[in-house]
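Visitor: This is the structure I want to talk about, given as structure tokens.
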Amino acid sequence: MEDLLILVDAEDREIGYGEKMETHAKEQLHRAFSLFIFNENSGEMLIHRRAADKYHSGGLWTNACCSHPRKGEVLQEAVLRRMEEELGICPKALGDAVSTLRELGSFTYYHRFADCAEHEVDHVFLMCVKGAPLLRPDPDEIAETMWVPTEQLVKWLESCPEQFTAWFPKAFAIALIALPCSTERLT
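Written out as structure tokens, the structure is:
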């Protein structure tokens, strides 16, 4: 299936569709999402290191899952689809945890790479789980995964921002505010 991305205006209103690689090459504004998965039992956030041969940001750390909804696809459906495709987490296996999936907000960003750019309205989602679900990462997408204590992730991002994707700091800041625990100790 061809990945037709949803092109949007500055207000995130749908204005058309574009093929994935062409959209990035032309630096067109399009809709995207970032999913954070928080383990309430351990206080850890799931992150992953992108596969080294990704067309951009290869080898960098980022949130649990990030991608684009396809033409005609609702954001929440896209999040669950990519969670299964990238991480191997079957939504049905999560039971009640799927009901915790919620959109926290969005932001627009632009970041230029060697021969393309990310120009996205990125919708940030959070899912809270009790325990670590079984992961079966797609090696074409993900080099490795890690559950990191939230406090440690904050410090790591502050000390080594170059190890993370361009969108991660803004998306993570939105996710931190919504965590089901007090974030006062994190700042």
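Residue numbers (the working numbering): 2 to 188. For glycine and all other residues, C-beta sits at the position ideal for the given N, C-alpha and C. The structure presented is a predicted model; accordingly, all values stated were derived computationally and were not measured.
#1: Output needed for LEU47: all residues of its chain with C-beta closer than 6 angstroms, excluding positions within five of it in sequence on either side, in chain order.
#2: For GLU185, name the three-state secondary structure that DSSP assigns.
#3: Please report the straight-line C-alpha distance between LEU180 and ASP139, rounded to a whole angstrom.
#4: Label PRO170 either buried or exposed according to how many other C-beta atoms from any shown protein chain fall within 10 Å of its C-beta, with 16 as the threshold for buried.
#5: Give the range of the alpha helix (DSSP H) segment to which THR24 is assigned.
#6: Relative to the C-alpha of ALA190, which candidate in TYR56, LYS131, ALA172 has its C-alpha closest?
#7: Can you give the Cα-Cα distance for ALA144 and VAL9, rounded to whole angstroms?
#8: Rounded to the nearest angstrom, what separates LEU30 and GLU152 at their Cα positions?
#9: For GLU121, does the count of other Cβ atoms within 10 angstroms reach 16, so buried, or fall short, so exposed?
#10: In chain order, what residues of the same chain lie with their CB nearer than 8 angstroms to the CB of PHE108, ignoring the 5 residues before and after it?
#11: Quick one: measure Cβ to Cβ for PRO70 and ILE7, integer angstroms, because I've assumed they're closer than 8 angstroms.
#12: Considering only their Cβ atoms, is the gap separating LEU76 from GLU104 smaller than 8 angstroms?
#13: Might you give, ordered along the chain, the residues of its own chain that have their beta carbon closer than 6 angstroms to the beta carbon of ASP13, omitting 5 neighbours on each side?
#14: Helix, strand or coil for GLY96? Go by DSSP, reduced to three states.
#15: Among ILE178, ASP4, SER43, SER100, which residue has its Cα nearest to the Cα of ALA33?
Guide: Considering the structure as presented:
#1: Cβ within range, chain order: ILE38, ALA65, TRP148.
#2: Note that GLU185 scores 41 on pLDDT, short of 50, meaning its location in the model is unreliable and no value can be drawn from it.
#3: LEU180 and ASP139 have their C-alpha atoms roughly 27 angstroms apart.
#4: Under this definition PRO170 is an exposed residue.
#5: That run of the alpha helix (DSSP H) goes 21–26.
#6: Residue 190 is absent from the model: the chain starts at 2 and stops at 188.
#7: Using only the alpha carbons, I get a separation of about 31 angstroms.
#8: LEU30 and GLU152: Cα-Cα distance of roughly 33 angstroms.
#9: Buried, by the Cβ-count rule.
#10: Correct list, in chain order: VAL122, ASP123, VAL125, LYS171, ALA172, ILE175.
#11: Taking a contact as a CB-CB distance under 8 angstroms, the pair PRO70 and ILE7 counts as one, their CB atoms being some 6 angstroms apart.
#12: Yes, they are a contact pair.
#13: Answer for ASP13: VAL122, listed in chain order.
#14: Three-state result, GLY96: helix.
#15: The candidate whose alpha carbon is nearest that of ALA33 is ASP4.
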